[in-house]
DNA sequence: TATAAAATGACAACGGTTATCATTTTCAGG
DNA sequence: CCTGAAAATGATAACCGTTGTCATTTTATA
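Residue numbers (the working numbering), protein chains in the order written: chain C, 1 to 143; chain E, 144 to 286.
Given below as structure tokens:
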């Protein structure tokens, strides 16, 4: 967490940019998040501890975090993007409940292998992937 | 193709809606398409043979086609949505070249099985899924 | 053919995101 | 420490894809 901030500052230094209170505030709240968060949501959470920080700055910081490889933007069907932490433990996929909106992350290494396999057959070199399963979670399917 | 139009008209009748020249024109161009097309692109193609048809009508027709189960909206990371034909041969996935933008469709039944399996472990009932592999196509990776 | 219901097209409005720009802040170098 | 150039900020306007509005036209049923 503190090291995440350090990672960000290292990236900032490397790019000749500047460390600011606002960036640290946004990054801090972002890294404290568990799952996925939209720019708007993050903006409102940040506002609680650091009022005055603009939505624009939140967007800019999220873009910076993404460039630094510390965040990843996702889009689950809707036009609104959400961001998640990009940690060492990457390449997870998502189960999305279409009724309550719950999102569960999972990993399945054997699927990865199969993906590589398929890609090879079509002459592709895979650099990234996205897999989303839509359906009903336990609660919603039994209710 | 003609039967696609027939399908659409059947859906229109069932819903108590009305068959119009505009809808047929949009549907015709849409069904003649090979891969994925955005509303804007479709609008421009339609304009060639049927000038005067508005972008709004194209959007409305695409929505209608989607409701009828004849089209499917997709979003490949970008905010702009694209539409593809939804044929009997559904549940295919996508390989997307991040350099040239080429999109290849593929099917891999064994991946489907695995998806079911994963979902079951998390108590989910899967109704739909999306899998996208991003990378470089043969041309782009060798160039 | 008259009529009610629905579709159209032009345009405004919307939501999420990005650009603009004057002002403030950071951080070298002296 | 200062000073100054480069960059960041926040307010706001603009943007883009998409949807709503509404007066007018078209469809299809009686």
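No residue lacks a Cβ here, since even glycine has one placed at the ideal position from N, Cα and C.
Just curious, the beta strand (DSSP E) that residue 227 of chain E is in, first and last residue? 225 to 228
On the three-state DSSP scale, how would you describe residue 251 of chain E? coil
Measure from the C-beta of residue 254 of chain E to each C-beta in chain C and report whether the shortest distance is under 9 Å. At least one chain C Cβ lies under 9 Å of residue 254 of chain E.
Going by beta carbon distance, what residues of the same chain come within less than 7 Å of residue 280 of chain E, once the five residues before and after it are set aside? 240, 243 and 245, listed in sequence order.
Please confirm if the stretch 214 to 225 of chain E is in contact with the stretch 249 to 256 of chain E, defined as three or more CB-CB distances below 8 Å between the two stretches. no
What does residue 134 of chain C touch in chain E if you count any residue whose Cβ is under 8 Å from its own? 269, 270, 271, 272 and 273
Please check if any C-beta of chain E sits within less than 9 Å of the C-beta of residue 95 of chain C. Closer than 9 Å to some Cβ of chain E, the Cβ of residue 95 of chain C qualifies, so yes.
Does chain C have any CB closer than 9 Å to the CB of residue 209 of chain E? no
With a threshold of 8 Å on Cβ separation, who are the neighbours of residue 58 of chain C within its own chain once the five nearest residues in sequence on each side are excluded? 26, 39, 42, 43 and 46
Going by DSSP, what residues sit across from residue 279 of chain E in a beta bridge? Residue pairing from DSSP places residue 279 of chain E in a beta bridge opposite C:125.
Thinking just about the alpha-carbon of each residue, which of E:144, E:282, E:158 and E:263 is nearest to the one in residue 207 of chain E? E:158
Looking at the unbroken alpha helix (DSSP H) that takes in residue 148 of chain E, where does it start and where does it end? Annotation for residue 148 of chain E: the continuous alpha helix (DSSP H) segment containing it runs 145 to 157.
Check whether the Cβ of residue 241 of chain E lies closer than 9 Å to any Cβ atom in chain C. yes
Where does residue 256 of chain E sit, in a helix, a strand or coil, going by DSSP? helix
From the DSSP output, read off the bridge partner residues of residue 240 of chain E. Under the DSSP definition of a beta bridge, residue 240 of chain E partners with E:278.
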